[in-house]
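Enquirer: Sharing a structure here in structure tokens format.
The following block contains the structure:
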């Protein structure tokens with residue numbers, strides 16, 4: 001341990017020497033990352049702090065740090081904390097504009113982890129003293145990472161119970177009442193029609209293609225939130241491409257996600273309300289409520305369960321940094337305001353897609369369809385085919401999501417995203433056209449479930465990935481599954497919305513062809 005290892009040899013040109021010198025003059029810091037632990041160090045230092053003041057910068061010397069000391073602290077097979085210190089004694093003088101050969105090296109000193117609350121780290125104290133002597137205006141930057149150990153069965157059971165109880169108390173009663181209420185209205189209308197006409201569906205009412213989908217407010221909420229998340233993902237790719245976001249900066253990514261969710265909630269409110277209002281003017285408030293709670297509700301409860309589990313297993317306090325609740329509260333206010341504003345705009349808008357004929361809330365008997373045309377089969381094929389197309393990329397996708405792969409993460413995610421969208425659109429249009437050809441007009445919900453089913457396959461693959469990479473992932477299985485559920489729930493909503501839009505385009509095309517033939 002502590003042996004100097006050669007990383008690489010580099011012949012620096014005059015231009016590169018000048019760039020390094022400018023970086024040192026601007027106190028540039030570079031970041032490193034290992035197993036969810038962030039490290040940072042200065043590119044180099046100068047002699048301005050130790051030399052007597054002189055006119056201009058004539059007496060200043062610039063030194064490039066070419067050797068780093070790493071002090072990782074471990075517990076079991078997990079790295080809990082890492083400190084890094086640049087070796088200024090062996091730094092290379094780059095004051096002059098000349099070509100120079102630099103050997104970049106490093107050394108590692110391992111130490112068993114000890115909680116700072118019980119026994120402060122000897123390495124940390126040593127680093128602080130060394131840093132005070134060698135460079136008084138610098139500071140050591142490190143981040144402690146805990147929570148990687150597997151929780152006890154007792155704590156796991158408690159966390160699961162709390163999570164399921166929260167889901168049941170907050171979500172299940174409302175959904176049960178909502179589905180029962182819609183089904184009751186649907187059945188009541190059907191009985192009235194039978195009494196008046198003696199048939200299931202009077203033939204003078206417009207065709208099945210114009211039938212109103214059941215649970216239109218919930219369907220509108222799914223489409224609205226899916227549209228919002230799709231916009232967020234696109235903007236995220238743009239920011240990553242322009243360099244404003246990078247994988248290791250979790251704090252900036254968290255702030256951006258929270259604030260952008262509130263700012264883009266206008267789109268979800270507009271889409272949901274305009275879709276629902278195209279069928280009925282009733283239930284606007286409920287539609288907006290469903291839109292606001294559809295994604296944020298389950299995600300909030302899941303994150304709460306994860307924090308509770310970590311508190312049980314690691315003894316961490318549930319208190320968060322001051323900026324976290326402040327940003328969440330501000331985002332909540334923005335979300336409510338923009339969501340309501342978008343909902344009212346969508347309700348009063350006349351430019352959103354409208355069914356071109358009167359709608360009915362009941363259906364005639366649909367001819368028996370083959371097994372592969374039923375919803376479960378279409379969900380399987382609709383998810384399996386895109387999954388096969390990106391199967392060879394799944395390890396890279398998960399590695400990019402959990403920062404096990406930093407270099408090339410942007411290209412991997414963007415390529416997979418484009419492939420999935422293309423396959424989902426083709427599947428949605430092809431299946432919908434064949435379905436309409438078979439006189440089955442129940443394409444509304446089927447297109448959403450078929451498009452979003454890829455998320456189920458990707459979530460299931462995560463268990464296999466964790467079994468192989470658990471030693472490198474700094475979180476336990478339940479924490480991993482919780483974050484995974486939040487990620488791929490968003491993927492389900494996004495791809496479900498894309499699948500619906502593809503099916504809607506095909507429906508319009510088929511309807512236009514039928515009108516031309518008539």
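Numbering (full-length UniProt numbering), first residue to last: 1 to 518. Every residue, glycine too, gets a C-beta built ideally from N, C-alpha and C.
(1) Run through the DSSP bridge pairs and tell me what residue 105 is partnered with.
(2) Need the endpoints of the alpha helix (DSSP H) that residue 241 sits in, please.
(3) Thinking residue 433 and residue 510 are a contact (beta carbons under 8 Å), I'd like their distance in whole angstroms, please.
(4) Quick one: grab the DSSP three-state call for residue 484.
(5) Helix, strand or coil for residue 476? Go by DSSP, reduced to three states.
(6) For residue 19, does the three-state DSSP call read helix, strand or coil?
(7) Residue 168 to residue 301, Cα distance in whole Å?
(8) Can you confirm whether the stretch 470 to 479 touches the stretch 442 to 462 when touching is taken to mean that 3 or more C-beta pairs between the two stretches lie within less than 8 Å?
(9) Among 288, 394, 258 and 251, which one has its Cα closest to the Cα of residue 328?
(10) Who pairs with residue 380 in a beta bridge, going by DSSP?
(11) What did DSSP end up calling residue 40 once you bin it into helix, strand or coil?
(12) Starting from the Cα of residue 398, find the closest Cα among 416, 21, 293 and 375 and give me that residue.
(13) What does a CB cutoff of less than 7 Å around residue 255 pick up in its chain, not counting 5 residues either side in sequence?
(14) Rounding to the nearest angstrom, what Cα-Cα distance links residue 39 and residue 496 in this structure?
(15) Since residue 82 sits in a beta bridge, which residues does DSSP pair it with?
(16) Have a look at residue 406 and residue 237 and give me their C-alpha separation to the nearest angstrom.
(17) In whole angstroms, what separates the C-alpha of residue 25 from that of residue 94?
(18) Could you say if the stretch 285 to 298 and the stretch 458 to 465 meet the contact criterion of at least three C-beta pairs nearer than 8 Å?
(19) Taking 8 Å as the threshold (C-beta atoms), are residue 493 and residue 573 in contact?
(20) Are the Cβ atoms of residue 279 and residue 223 separated by less than 8 Å?
(21) Would you tell me roughly how many angstroms separate the C-alpha atoms of residue 263 and residue 390, rounded to the nearest one?
(22) Against chain B, does residue 173 count as a neighbour if the rule is that its beta carbon must be under 8 Å from one of theirs?
Expert: Based on what the coordinates show:
(1) BP columns for residue 105 point to 6 and 67.
(2) Per DSSP, residue 241 belongs to the alpha helix (DSSP H) from 216 to 242.
(3) Beta-carbon to beta-carbon, residue 433 and residue 510 are separated by about 6 Å, close enough to satisfy the 8 Å threshold.
(4) Collapsing the DSSP output to three states places residue 484 in a helix.
(5) Under the three-state reduction of DSSP output, residue 476 falls in the coil class, being neither helix nor strand.
(6) Looking at residue 19 - three-state DSSP - the assignment turns out to be helix.
(7) Distance from the CA of residue 168 to the CA of residue 301, rounded to the nearest whole angstrom, comes to 11 Å.
(8) With contact defined as three or more Cβ pairs closer than 8 Å, the stretch 442 to 462 and the stretch 470 to 479 are not in contact.
(9) Taking only the C-alpha atoms, the option nearest residue 328 is 258.
(10) In DSSP, residue 380 forms no bridge with anything.
(11) Correct three-state label for residue 40: strand.
(12) Among 416, 21, 293 and 375, the Cα nearest to that of residue 398 belongs to 416.
(13) For residue 255, where only same-chain residues beyond five positions count, the Cβ hits under 7 Å are 327.
(14) Whole-angstrom Cα-Cα distance: 39 Å.
(15) The secondary-structure analysis by DSSP pairs residue 82 across a beta bridge with 72.
(16) Within the model, the alpha-carbon separation for residue 406 versus residue 237 is close to 15 Å.
(17) Between residue 25 and residue 94, the alpha-carbon positions lie close to 12 Å from each other.
(18) Cβ pair count under 8 Å is below three, so no.
(19) Lying outside 1 to 518, the shown extent of the chain, residue 573 is not represented and no answer is given.
(20) Cβ distance not < 8 Å, so residue 279 and residue 223 don't count as in contact.
(21) The alpha-carbon of residue 263 is positioned some 32 Å away from that of residue 390.
(22) Checking the listed chains, one finds no chain B in this structure; it contains a single protein chain.
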